[in-house]
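Okay, structure first, notes after.
Protein chains: 2
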Amino acid sequence: MTMDSSPRQNLGISAYSWLKRDITRGVFQPGEKLLMSRLKERYGLGIGPLREALSQLVAERLVVAISQRGYRVAPMSLAELADLYDARAQLEGLILQLAIERGDDAWEAEILAKAHTLSKIMEVNSPDELLDVWDTRHKAFHTAIASGCRSPHLLQVRESLFDQVERYRHLWLRETVFSEEALERKRQEHAALVEVILERRAERAADMMREHLMTPVPIITEVMTRRGLA
Amino acid sequence: MTMDSSPRQNLGISAYSWLKRDITRGVFQPGEKLLMSRLKERYGLGIGPLREALSQLVAERLVVAISQRGYRVAPMSLAELADLYDARAQLEGLILQLAIERGDDAWEAEILAKAHTLSKIMEVNSPDELLDVWDTRHKAFHTAIASGCRSPHLLQVRESLFDQVERYRHLWLRETVFSEEALERKRQEHAALVEVILERRAERAADMMREHLMTPVPIITEVMTRRGLA
DNA sequence: ACTGCATCGAATATAGATACTTGGTATAAA
DNA sequence: TTTATACCAAGTATCTATATTCGATGCAGT
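One line per chain: the protein sequences are A and B, in this order.
Heads up, the first sequence is in UniProt numbering, so the first residue is 1 and it goes up one at a time.
Heads up, the second sequence is in UniProt numbering, so the first residue is 1 and it goes up one at a time.
Written as structure tokens, this is what we have:
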């Protein structure tokens, strides 16, 4: 049988996924030194694959390498928060304008589908499950909108900024998802966004998108200050 | 003496620079398999540092990794050429609009300085030197314009697309720099661009920038077709 | 001609050797 | 007495070399 269930994934690639997840989830603090001995123990891997994974994360700016002095988790700061969200909002605005120019009927349908799935979340057992489900569907909704631009490379660049922002966004998620009031506001913003998009009002839609994406900034600033991360 | 002149750069980082250079310069063909034995021999390094360098290049999409089957140079295609240049033109347009909103007097001065340096190239000994000098100054000119957006992360994303496009751009360079006619046209486009930027006409400037950045596409398409790279 | 087996080559991982940095302590000078 | 510097020891990153595993190719046998 050639249908082997184990495609034998390269250990470096697995190490990459696990490390990325642990960094964005805050298992490793910003600025923290990533000791090879610790990582070896935690993931049960040799140094080689770990160095490979770390090299990739350096390229994605989630980890910084200091020559001959090992690796550290990239630091977080209020300045980076502001710039990262601004850059992302501007880029997403551009992508949305292009999507409105270039998107077809299937694109519109996909947006409506994802918006519906997002707005109707029920039957969740635990708060953590709510967070996971809402987050997944929220991402899917925004990705559906962006995909209309039909440019793989713009979408790739969008992904890259998204990965960098994820650590900050994670701080915001807990504050938002567990507040019925905040959740309701998001619901309204999304509905308004969909409406303007379907009317193909590019300029207005881009403005709304930029504004929508900037709303978490004050909240995250507050959380970071409170926790002394700034 | 603590002033050691050798900061003892990690071999992985050097390997990264050399490999990147050799890939963008076409020493390794698109799609070509990167044999560890070959690389070891060529750069005089062990496998470890090479794997590190390759991992970073994978994150930058210049190399693709096939699990358990080593690494290959990322393929080139007409489809990627078109999308890459489109994405870059759109992004650069956005950045220019922001730069015109946000740039100060020092920014304007820097643009004028770089434009002047670019337009007055003389005293070159060889054609290859002309290519190098012109390319360096051309990049500096465009970077000076972009830097006005004051967003490190947008500039970082711009760099990333630029690195990906460099292989294609290199094909175009030889066709343009060695033609006095093409060079003169570029000179005029740059002058017109500077004029509109200094007048702070954001919309018009962005349009011109997008158009300016798309001009190499037909030429590169022609070269690729001629050489059977498509 | 096709299938199964063996051999070869390449990628991957681990383990060990080397060289660097860092923190502490002791000594000397102010 | 205090401060600064130099030296020493422990820990850590980095590299090279070796072993293992996986895939591919060629040959032989049916």
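In this text, a Cβ means the ideal position worked out from N, Cα and C, and glycines have one as well.
Exercise for the section: Output yes or no for whether 7 angstroms exceeds the beta carbon distance between R88 of chain B and A74 of chain B. Expected result: Within the second sequence, the letter at position 88 stands for residue 88 of chain B. Within the second sequence, the letter at position 74 stands for residue 74 of chain B. Taking 7 angstroms as the cut-off, the Cβ atoms of R88 of chain B and A74 of chain B do not count as close.
Exercise for the section: Locate the beta strand (DSSP E) running through V63 of chain B, then write down its first and last residues. Expected result: Within the second sequence, numbered from 1, the residue matching residue 63 of chain B stands at position 63. Here the beta strand (DSSP E) through V63 of chain B covers 63 to 65.
Problem - Between the CA atoms of Q9 of chain B and M3 of chain B - distance to the nearest angstrom - result: If you number the second sequence from 1, residue 3 of chain B lands on position 3. If you number the second sequence from 1, residue 9 of chain B lands on position 9. In this prediction, M3 of chain B scores a pLDDT of 32, lower than 50, which makes its location untrustworthy; the coordinate-derived value is nonetheless stated afterwards. So the two alpha carbons sit approximately 15 angstroms from each other.
Exercise for the section: Using the Cα positions of V194 of chain B and A99 of chain B, report the straight-line distance between them to the nearest angstrom. Expected result: Here residue 194 of chain B refers to the residue found at position 194 of the second sequence. Here residue 99 of chain B refers to the residue found at position 99 of the second sequence. When rounded, the distance between both Cα atoms is 13 angstroms.
Practice task
Give me the Cα-Cα distance between R51 of chain A and E52 of chain B, rounded to the nearest whole angstrom.
Solution key: As a position in the first sequence, residue 51 of chain A is number 51, starting the count at 1. As a position in the second sequence, residue 52 of chain B is number 52, starting the count at 1. So the alpha carbons of these two residues sit roughly 7 angstroms apart.
Handout entry: Assigned secondary structure, V73 of chain B (DSSP; H/G/I helix, E/B strand, else coil)
Key = Translated into positions along the second sequence, residue 73 of chain B becomes position 73. Note: V73 of chain B maps to strand in three-state DSSP.
Problem - Closest residue to E180 of chain B among B:S119, B:G70, B:V196, B:L198 (Cα-Cα distance) - result: Here residue 180 of chain B corresponds to residue number 180 of the second sequence, with the count starting at 1. Of the candidates B:S119, B:G70, B:V196, B:L198, the one whose C-alpha sits nearest the C-alpha of E180 of chain B is B:S119.
Handout entry: Neighbourhood of L198 of chain A by C-beta, 7 angstroms cutoff - its chain only, sequence neighbours within 5 removed
Key = Stepping through the first sequence from its first residue, residue 198 of chain A is reached at position 198. Once the five neighbours on either side are set aside, the close Cβ partners of L198 of chain A are E108.
Problem - Among A:P218, A:E222, A:V217, A:D207, nearest to L94 of chain A - alpha-carbon criterion - result: Looking up residue 94 of chain A in the first sequence gives position 94. Residue A:D207 is the option with its Cα nearest to L94 of chain A.
Handout entry: Ordered list of alpha helix (DSSP H) runs contained in the segment 116 to 165 of chain A, each at least 4 residues
Key = 127 to 146
Handout entry: Min CB distance residue 238 of chain A to chain B below 7 angstroms
Key = Only positions 1 to 230 of chain A appear in the structure, and residue 238 of chain A is not among them; the question remains open.
Problem - Listed by chain order, chain A residues near I13 of chain B by CB distance under 9 angstroms - result: If you number the second sequence from 1, residue 13 of chain B lands on position 13. Per Cβ cutoff of 9 angstroms: A65, S67.
Handout entry: Terminal residues of the alpha helix (DSSP H) in which Q188 of chain B lies
Key = On the second sequence, position 188 is the one that residue 188 of chain B refers to. 180 to 198 is the span of the alpha helix (DSSP H), which, as asked, contains Q188 of chain B.
Practice task
Output yes if chain B places a C-beta closer than 7 angstroms to the C-beta of A87 of chain A; else output no.
Solution key: Working through the first sequence from its first residue, we reach residue 87 of chain A at position 87. By this cut-off, A87 of chain A is an interface position.
Handout entry: Short-range partners of chain A found in the segment 39 to 64 of chain B, where Cβ spacing is below 7 angstroms
Key = G48, R51, E52, S55, Q56, V58, A59, E60
Handout entry: Which of helix, strand or coil DSSP assigns to L78 of chain B
Key = Position 78 of the second sequence, counted from the start, is the residue given in the question as residue 78 of chain B. In the structure shown, L78 of chain B sits in a helix (DSSP, three-state: H, G or I).
Practice task
For L34 of chain A, name the three-state secondary structure that DSSP assigns.
Solution key: Taking the first sequence and counting its residues from 1, one reaches residue 34 of chain A at position 34. Reduced to three states, the DSSP call for L34 of chain A is strand.
Handout entry: C-alpha distance - V133 of chain A paired with L57 of chain B, whole-angstrom precision
Key = Start at 1 with the first residue of the first sequence, and residue 133 of chain A comes out as number 133. Start at 1 with the first residue of the second sequence, and residue 57 of chain B comes out as number 57. Near 33 angstroms, if we compare the C-alpha coordinates of L57 of chain B and V133 of chain A.
Practice task
For the alpha helix (DSSP H) holding Q56 of chain B, just list the boundary residues, first then last.
Solution key: Taking the first residue of the second sequence as 1, we reach residue 56 of chain B at position 56. Looking at the DSSP string, the run of the alpha helix (DSSP H) that includes Q56 of chain B is 47 to 59.
Practice task
With a threshold of 16 other CB atoms inside 10 Å of the CB of Q188 of chain A, please say whether the residue is buried or exposed.
Solution key: The residue you call residue 188 of chain A lines up with position 188 of the first sequence. It counts as exposed.
Exercise for the section: On a CA-only basis, which of B:D86, B:S55, B:A82, B:Y85 is nearest Y71 of chain B? Give me that one, please. Expected result: Along the second sequence, read from residue 1 onward, the residue named residue 71 of chain B stands at position 71. Taking only the C-alpha atoms, the option nearest Y71 of chain B is B:S55.
Exercise for the section: Give a yes or no on whether the minimum CB-CB distance between Q9 of chain B and chain A is below 7 angstroms. Expected result: Sequence index remark: in the second sequence, residue 9 of chain B carries index 9 (1-based). For Q9 of chain B, the answer is yes, since a Cβ of chain A falls inside 7 angstroms of its Cβ.
Problem - Where A230 of chain A sits in the DSSP three-state scheme - result: Indexing the first sequence from 1 puts residue 230 of chain A at position 230. Three-state result, A230 of chain A: coil.
Problem - Nearest residue (CA-CA) to D22 of chain A, options A:K114, A:S37, A:V63, A:I47 - result: Here residue 22 of chain A is taken as the residue at index 22 of the first sequence, counted from 1. Minimum Cα distance to D22 of chain A is reached at A:V63.
Handout entry: Partners in chain A for V157 of chain B, counting only beta-carbon separations shorter than 8 angstroms
Key = Position 157 of the second sequence, counting from 1, holds the residue named residue 157 of chain B. What V157 of chain B touches in chain A: A87, L91, V157, S160, L161.
Exercise for the section: Would you check if the distance between the CB atom of E175 of chain A and the CB atom of I219 of chain A is smaller than 7 angstroms? Expected result: Your numbering for residue 175 of chain A matches position 175 in the first sequence. Your numbering for residue 219 of chain A matches position 219 in the first sequence. Between E175 of chain A and I219 of chain A, the gap from beta carbon to beta carbon is short of 7 angstroms.
Practice task
Would you mind telling me which residues of chain B sit closer than 8 angstroms to L84 of chain A, beta carbon to beta carbon, in chain order?
Solution key: The sequence position of residue 84 of chain A within the first sequence is 84, counting from 1. Going along chain B in sequence order, the residues near L84 of chain A (Cβ under 8 angstroms) are H153.
Practice task
Go ahead and label H116 of chain B buried or exposed: buried means 16 or more other beta carbons lie within 10 angstroms of its beta carbon, across all protein chains shown.
Solution key: Counted from its first residue, the second sequence places residue 116 of chain B at position 116. Counting Cβ neighbours within 10 Å, H116 of chain B comes out exposed, since fewer than 16 surround it.
Problem - From A:I47, A:H190, A:R204, A:W172, residue whose alpha carbon lies closest to that of E222 of chain A - result: Start at 1 with the first residue of the first sequence, and residue 222 of chain A comes out as number 222. Checking every option, the nearest Cα to that of E222 of chain A belongs to A:W172.
Problem - Top-ranked residue by Cα proximity to R226 of chain B, from B:G103, B:L78, B:A82 - result: Within the second sequence, the letter at position 226 stands for residue 226 of chain B. Per the Cα distances, B:L78.
Practice task
Quick one: which unbroken alpha helix (DSSP H) runs of 4-plus residues sit fully inside the segment 77 to 114 of chain B? Chain order, please.
Solution key: 78 to 102
Handout entry: Reference G48 of chain B; option with closest CA among A:L96, A:V27, A:G12
Key = Residue 48 of chain B sits at position 48 when you count from the first residue of the second sequence. Nearest to G48 of chain B by C-alpha distance, out of A:L96, A:V27, A:G12, is A:G12.
Handout entry: Nearest neighbour of S126 of chain B, chosen from B:V177, B:K40, B:H190, B:S14 [CA to CA]
Key = For the purposes of this step, residue 126 of chain B is taken as the residue at position 126 of the second sequence. The candidate whose alpha carbon is nearest that of S126 of chain B is B:V177.
Practice task
Just tell me which of A:L112, A:C149, A:A140 has its CA closest to the CA of Q97 of chain A.
Solution key: The count along the first sequence starts at 1 and reaches residue 97 of chain A at position 97. It is A:C149 whose Cα lies nearest to the Cα of Q97 of chain A.
Problem - Continuous alpha helix (DSSP H) stretch holding R201 of chain A: start and end - result: For the purposes of this step, residue 201 of chain A is taken as the residue at position 201 of the first sequence. Run containing R201 of chain A: none; DSSP gives neither H nor E here.
Problem - Local Cβ density within 10 Å of M122 of chain A, reported as buried at 16 or more and exposed below that - result: On the first sequence, residue 122 of chain A is found 122 positions in, with the first residue counted as 1. Counting Cβ neighbours within 10 Å, M122 of chain A comes out exposed, since fewer than 16 surround it.
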